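Asks:
2 protein chains.
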Amino acid sequence: MKNPIYAEIVQNIRNKISSGQLKPGDDLPSETSLCSEYNTSRMTVRKGLSILSNEGYIYSIPGKGYFVKKPNYNKYIFVYDEMNNLINNVDKTKLLSVDIILPDEKLAGSLRISENKKVVMIRRLFYTEGEPMAYDVKYLLYKKGTPIVENEIENATFPEMISNRTSLYDLNNELIIYAKTPEEETKKLLHIYGEVALLVVEQKLYDSGNKPIGLGITYFRGDYIKLHGVSKSSNC
Amino acid sequence: MKNPIYAEIVQNIRNKISSGQLKPGDDLPSETSLCSEYNTSRMTVRKGLSILSNEGYIYSIPGKGYFVKKPNYNKYIFVYDEMNNLINNVDKTKLLSVDIILPDEKLAGSLRISENKKVVMIRRLFYTEGEPMAYDVKYLLYKKGTPIVENEIENATFPEMISNRTSLYDLNNELIIYAKTPEEETKKLLHIYGEVALLVVEQKLYDSGNKPIGLGITYFRGDYIKLHGVSKSSNC
DNA sequence: AAGTGGTCTAGACCACCGT
DNA sequence: CGGTGGTCTAGACCACTTC
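Heads up: the sequence lines are chains A and B, in that order. Per our numbering: the first sequence = residues -14 to 221. Per our numbering: the second sequence = residues -14 to 221.
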């Protein structure tokens, strides 16, 4: 069976949609009429329609029918990993400090804890080809049971750091990206003498109950990083 | 039928995976053994497994079985629209110029055309609450048939601009994000006097054949924009 | 009441994988 | 070869929408 019937249905309808023969809001033929059109059973037709639905081309309303969805042309997928990016990869890291601190008001608010709860602060520098390219600060909720192993921390990405606390499957992760001019301290750390913009990536991790478990801020030298995203077109 | 059987299967297996009872690489019970476990038919079991597969929890190998996938904890979804972002929305635009130009080497390479092909260049300023917040430049392949209507261009996002040339469904869209210090010309346009970093977003649109049809570069004042992304782990 | 999609069944044949 | 997943059928009942 090289050409499944459902695949043919998917292809035909998808073509009609992307060629404009079927426009957003239009209704599709009913399942039963597609059955007779393709001379197949209802389950096969449904398999095809469910694929189109997963791909974001159509949706269904019980009792009414299938309809063409509006395309979502401004959704992008980014693969972000503070150690790897479009231009340079991090080939060396330097652990600047690991401290247990009391959060200031802003940090406590961000992690949704009170100001007397302890927080682990990890400061690192990322190098590429001998040059410091990013200054990285992570804040993790302090937990007695989990010892801080400096060796493990040194080369870990943020999700890796917390992987011994929560399943990576349950991770709800949030990114905020913006540009900033560096402060004096950051300039020193990153060997910036002239004018260089920073690309700042704030990464916030939540557990399965949507409680924050960590905040990471990475200050990349603007000339050392480009983030790359691709449009999604499918799903949702 | 309030609690479909397949939904129960999905929930059970998903829980086992995110609780760590099932680890990446582990194999699931076969379809037939799940049939007897849930006392249901094979098609119902398959419906559940296909949902877990779509959600990225498992995958199948014909002839072998189903296996638990590694989680993809560093995939993010961004909704990018040059007119709307986390801090400020564009409430006014100003069309600076619309020109038909010959591309320089870099632009020609980026659009994969030869240097004697004409290109439409559109320059705009984006305002929020009276202040210029971004400088925007678009390059579109010049086509004789499609007239340039300034009114239409003025408030259009990039995909909207090309929506009369290609179906928005076929759009393959690519983003590149980086930080830069502004050049003198940009400083003037954006009323920047002190030190302000720019967040630059390059947007490249491809048609269904993966041929570039346009390049857009938006220079946002770093203090006026934050991009926001959410992890993808489970779909939708 | 008639038509729609949502769920489910109990079979079937196929291609692929291992032993 | 037996076990696995991939495709497909011809029915069934349900809940919902529309008339």
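Note that the Cβ used here is the ideal one computed from N, Cα and C, for glycine as well. Only a predicted model underlies this, so the values are computations on that prediction, with no experimental measurement involved.
Am I right that residue 124(A) and residue 183(A) are in contact with their C-beta atoms under 8 Å? What's the rounded C-beta distance?
Replies: Here residue 124(A) is taken as the residue at index 139 of the first sequence, counted from 1. Here residue 183(A) is taken as the residue at index 198 of the first sequence, counted from 1. With 8 Å as the limit, residue 124(A) and residue 183(A) do not qualify as a contact, their Cβ atoms being about 19 Å apart.
Asks: Kindly indicate which residue of 84(A), 57(A) and 74(A) has the alpha-carbon position closest to the one of residue 126(A).
Replies: Indexing the first sequence from 1 puts residue 126(A) at position 141. Ranking the options by Cα distance to residue 126(A), first place goes to 84(A).
Asks: In terms of residues, what are the limits of the alpha helix (DSSP H) holding residue -4(B)?
Replies: Counting from one through the second sequence, the residue named residue -4(B) turns up at place 11. Note, residue -4(B): alpha helix (DSSP H), -10 to 3.
Asks: Would you mind telling me which residues of chain B sit closer than 8 Å to residue 101(A), beta carbon to beta carbon, in chain order?
Replies: Working through the first sequence from its first residue, we reach residue 101(A) at position 116. The premise fails here: residue 101(A) is roughly 30 Å from chain B at the closest Cβ pair, so nothing lies under 8 Å.
Asks: Return the bridge partner residues of residue 204(A) from the DSSP annotation.
Replies: In the first sequence, counting from the first residue as 1, residue 204(A) sits at position 219. For residue 204(A), which the question treats as bridged, DSSP gives the partners 120(A) and 185(A).
Asks: Quick one: what does DSSP say residue 26(B) is sitting in, helix, strand or coil?
Replies: Walking along the second sequence from the start, residue 26(B) turns up at place 41. Coil, per DSSP.
Asks: Alpha helix (DSSP H) containing residue 160(A): first to last residue?
Replies: Here residue 160(A) refers to the residue found at position 175 of the first sequence. No alpha helix (DSSP H) holds residue 160(A); the beta strand (DSSP E) holding it covers 157 to 165.
Asks: Thinking C-alpha only, which one of -7(A), 69(A) and 66(A) is nearest residue 22(A)?
Replies: Here residue 22(A) refers to the residue found at position 37 of the first sequence. If we check each option's Cα against that of residue 22(A), -7(A) comes out closest.
Asks: Could you check whether residue 76(A) and residue 282(A) sit closer than 7 Å to each other, using their CB atoms as the reference points?
Replies: Because chain A is modelled from -14 through 221, residue 282(A) falls outside the range shown and cannot be assessed.
Asks: Does residue 188(A) pass the burial test, meaning 16 or more other C-beta atoms within 10 Å, or should it be called exposed?
Replies: For the purposes of this step, residue 188(A) is taken as the residue at position 203 of the first sequence. By the neighbour-count rule (16 or more Cβ atoms within 10 Å), residue 188(A) is buried.
Asks: Helix, strand or coil: how does DSSP classify residue 149(A) here?
Replies: Along the first sequence, read from residue 1 onward, the residue named residue 149(A) stands at position 164. Of the three classes helix, strand and coil, the one that applies to residue 149(A) here is coil, per DSSP.
Asks: Could you say which of 30(B), 197(B) and -10(B) lies nearest to residue 95(B) if we only look at CA atoms?
Replies: Start at 1 with the first residue of the second sequence, and residue 95(B) comes out as number 110. Residue 197(B) is the option with its Cα nearest to residue 95(B).
Asks: Hey, how far is the Cα of residue 34(B) from the Cα of residue -10(A)?
Replies: Within the second sequence, residue 34(B) is the residue found at index 49, counting from 1. Within the first sequence, residue -10(A) is the residue found at index 5, counting from 1. Taking the straight line joining both Cα atoms gives about 21 Å.
Asks: Going straight from the alpha carbon of residue 107(A) to that of residue 11(A), what length do you get?
Replies: Position 122 of the first sequence holds residue 107(A). Position 26 of the first sequence holds residue 11(A). Cα to Cα, the separation comes out at about 54 Å.
Asks: Could you say if the segment 44 to 56 of chain A and the segment 85 to 94 of chain A meet the contact criterion of at least three C-beta pairs nearer than 8 Å?
Replies: The segment 44 to 56 of chain A, when compared against the segment 85 to 94 of chain A, does not touch it at the 8 Å Cβ threshold.
Asks: What is the DSSP secondary structure of residue 136(A), reduced to helix, strand or coil?
Replies: Translated into the one-based positions of the first sequence, residue 136(A) becomes position 151. Note: residue 136(A) maps to helix in three-state DSSP.
Asks: With a CB to CB cut of under 7 Å and the five nearest residues on each side skipped, what residues in its chain are close to residue 135(A)?
Replies: Translated into the one-based positions of the first sequence, residue 135(A) becomes position 150. Closer than 7 Å at Cβ, skipping near neighbours: 80 and 83.
Asks: Determine the direct distance from the alpha carbon of residue 61(B) to that of residue 159(A), and round the result to whole angstroms.
Replies: Translated into the one-based positions of the first sequence, residue 159(A) becomes position 174. Translated into the one-based positions of the second sequence, residue 61(B) becomes position 76. Looking at the two C-alpha atoms, the distance is approximately 8 Å.
Asks: For residue 69(B), write down the residues that DSSP places opposite it in a beta bridge.
Replies: To locate residue 69(B), count along the second sequence from 1; it is residue 84. Answer is 66(B) and 74(B).
Asks: Pull out every residue of the segment 193 to 216 of chain A whose Cβ sits closer than 9 Å to any Cβ of chain B, in chain order.
Replies: Listed by position along the chain: 193, 205, 206, 207, 208, 210, 211, 212, 213, 214, 215 and 216.
Asks: Within 7 Å (strictly less), CB to CB, does residue 155(A) reach chain B?
Replies: Here residue 155(A) corresponds to residue number 170 of the first sequence, with the count starting at 1. Chain B, which has a Cβ nearer than 7 Å to the Cβ of residue 155(A), makes this yes.
Asks: Just reading off the alpha helix (DSSP H) that residue 171(B) is part of, what are its end residues?
Replies: By one-based count along the second sequence, residue 171(B) stands at place 186. Unbroken alpha helix (DSSP H) run through residue 171(B): 169 to 174.
Asks: Within the same chain, show all residues whose beta-carbon is closer than 7 Å to that of residue 192(B), passing over the 5 residues directly before and after it, in chain order.
Replies: The residue you call residue 192(B) lines up with position 207 of the second sequence. 151, 155 and 198.
Asks: Would you give the residue range spanned by the alpha helix (DSSP H) that residue 94(B) belongs to?
Replies: The count along the second sequence starts at 1 and reaches residue 94(B) at position 109. Its alpha helix (DSSP H) spans residues 90 to 96.
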